[in-house]
Amino acid sequence: MHPLPVYALLNIELARGRGSIVEDVHGTQYLDLYGGHAVISIGHSHPHYVAVVGSQLQTLGFYSNSVRIPIQERAAALVGEASGYDDYRFFMVNSGAEANENAIKLASFITGRKRVVAFRGAFHGRTALAVATTDNPRIVAPVNETPHVVFVDFVDLQAVEQELAQGDVAAVIIEGIQGVGGIQVPADDALRGLDTLCSRYGTMLILDEVQSGVGRTGRFFAHQHAGIRPPLITVAKGIGNGFPVGGLLVHPGLGVREGMLGTTFGGNHLASAAVVAVMETLMAEGLQEQAAAAGTRMMEALRDIPGVLEVRGRGLMIGIDTAQPSSAIRSALVEHHRILTGNASTPATVRLLPPLNIRPEDLDRAASALRTLCTVEHS
């Protein structure tokens, strides 16, 4: 038996990693500016992460949510402390798609409504409700097609209000920054307007911070730049630094009954230990502040490169539109500079999502490589 061939793979077999550097089985080192889809937040093999998760594995690796799990309570408290949402409640699951699935379901439970408004360019996951709110027909199977989801242009408040005014919309779901959609950053005023509209019409606003959360933009959540506090917030990827963890932050004013949500593996001992290690490292090392400063410096350097058409993002969530197809730039970065980057649904966009503690000299190396490639292609 072999793995199902559903992925486009680089011909690289990684064996180990440390910080922002990964190494293949032949000893070749690569600078990781992608973190495996924004997952590696505190760096590969961070000593504190290895120690906390390893220690937990030596005592009890797993039991289900049929018993009290103190380290899960510790994880929730630390997420509250790090994010500033300490009055919210935290439901742990296994992935970003599952977090979004439960957020939409909970919004429907609470409002008694069926419809959901999503945005063009969105990516919320591959499970039933999550993929139904994802703007990519290629990954939406017939069974996932539903009349209950409507797509409008990205943060088009007039279009949103037209839907909300019908009185049957349970939730509006939006990414803090669209990642797969090409690093599209919603204006702060637009997010504030969206929050106001949802409150006016009794609709749950769901902020999908799966990719843009955990300090990546210089704030714990990207929507915090707009100063809003949505009722439902989803998180995953960087919160586990490689361990499969997702979560749903729920406003304290929302009624949730026992048995309304559930999961076998979510919030297990190892997953909770991973979250504890990430939160402790994030706060102890000031990684949010580092991400903000590093991102500002990197984007300034990138905007000065001939052949770079546009640079978008916040902190260390950066999209670069190049004059040449991003696939050519990304391939050259791997082949000639040993640098790993990401793509997007927009063919001109290169995505940078490095660990938050990436060294300045590594960002300088990346900027230099991009300058070489983009300037040559542009000339």
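For the sequence shown, the working numbering assigns the number 534 to the initial residue and increments by one for each residue that follows.
Just so you know, even glycine gets a beta-carbon here, dropped at the ideal spot from N, CA and C.
- request: Measure the alpha-carbon distance for Phe684 versus His581 and round it to whole angstroms.
  value: 43 Å
field: Residue span of the alpha helix (DSSP H) that contains Arg830, given as start and end
entry: Leu820 to Arg836
message: Checking 8 Å against the spacing of the C-beta atoms, do Ser553 and Pro887 come in under that value?
response: yes
- prompt: What are the complete alpha helix (DSSP H) segments, minimum 4 residues, inside the segment 615-671?
  reply: Here the runs fully enclosed are 629-644 and 661-665.
field: Close Cβ partners of Ser805 (< 6 Å) along its chain, the five nearest in sequence each way excluded
entry: If the five residues before and after Ser805 are omitted, its C-beta is found closer than 6 Å to the C-beta atoms of Ile604, Gln605 and Ala608, all from its own chain and listed in chain order.
field: Residue from Gln821, Gly735, Glu843 and Val808 whose Cα sits closest to the Cα of Tyr748
entry: What sits at residue 748 in the sequence shown is Gly, not Tyr. Closest by alpha carbon: Gln821.
When Asn635, His802 and Gly771 are compared against Gly568, the one with the closest alpha-carbon: Gly568 has its Cα closest to that of Gly771, out of Asn635, His802 and Gly771.
- request: Report back the beta-carbon spacing between Arg847 and Thr736 to the nearest angstrom; my notes put them in contact at under 8 Å.
  value: That pair is no contact at about 26 Å.
Simplified DSSP state of Gln699, which is helix, strand or coil: coil
field: Alpha-carbon to alpha-carbon, Ala610 and Gly617
entry: 10 Å
Three-way DSSP call (helix, strand, coil) for Ala720 in this model: Ala720 falls in the coil class under three-state DSSP.
field: DSSP-derived helix/strand/coil call for Ala608
entry: Ala608: helix per DSSP, three-state reduction.
DSSP three-state assignment for Glu894, whether helix, strand or coil: helix
task: In the DSSP assignment, find the alpha helix (DSSP H) that holds Glu742 and state where it starts and stops.
output: It is not in any alpha helix (DSSP H) - Glu742 carries neither H nor E in the DSSP assignment.
message: Measuring straight from C-alpha to C-alpha, what distance separates Glu868 and Arg671?
response: 29 Å
query: So what does DSSP say about Arg749, is it helix, strand or coil?
result: Look at Arg749 here: in three-state DSSP terms it is coil, with no helix or strand label.
- request: Measure from the alpha carbon of Ser860 to the alpha carbon of each residue in Ile872, Met832 and Ala881, then state which is nearest.
  value: Minimum Cα-Cα distance from Ser860 among the listed residues Ile872, Met832 and Ala881 corresponds to Ala881.
query: Between Arg659 and Thr592, what straight-line distance do the alpha-carbon atoms span, to the nearest angstrom?
result: 34 Å
- request: Rounded to whole angstroms, what's the CA-CA distance from Gly799 to Gly700? Just pull it up for me.
  value: 34 Å
message: By alpha-carbon positions, which one of Ala902, Leu885 and Ser878 ends up nearest to Asn669?
response: Ser878
message: Here's the rule: buried if 16 or more other CB atoms are within 10 angstroms of the residue's CB, otherwise exposed. What is Met534?
response: exposed
- prompt: Buried or exposed: which applies to Val789, given that a residue is buried once 16 or more other Cβ atoms fall within 10 Å of its Cβ?
  reply: Per the 10 Å Cβ criterion, exposed.
query: Any heavy atom of the ligand FAD closer than 7 Å to the CB of Arg607?
result: By its list of ligands, the structure shown contains no ligand whatsoever, and the ligand FAD lies outside what it can speak to.
message: Please classify Ser599 as buried or exposed, where buried requires at least 16 neighbouring CB atoms within 10 angstroms.
response: With fewer than 16 other beta carbons inside 10 angstroms of its own, Ser599 counts as exposed.
query: Where does Ile872 fall in DSSP's three states?
result: Strand.
message: Is it buried or exposed, Pro538, if we count other Cβ atoms within 10 angstroms and call 16 or more buried?
response: exposed
message: Using only the alpha-carbon positions, how far apart do Val649 and Ile851 sit?
response: 28 Å
- prompt: Leaving out the 5 sequence neighbours to the left and right, which residues in its chain are closer than 8 Å to Leu842 when beta-carbon positions are compared?
  reply: Excluding positions up to five away in sequence, the list reads Asp854, Thr855, Ala856 and Ala881.
field: Status (buried if at least 16 other CB within 10 Å, exposed otherwise) for His802
entry: buried
task: Output the boundary residues of the alpha helix (DSSP H) element that contains Leu815.
output: His802 to Ala817
- prompt: Leu906: which of Pro893, Leu835, Ala827 and Thr679 sits nearest, CA to CA?
  reply: Leu835
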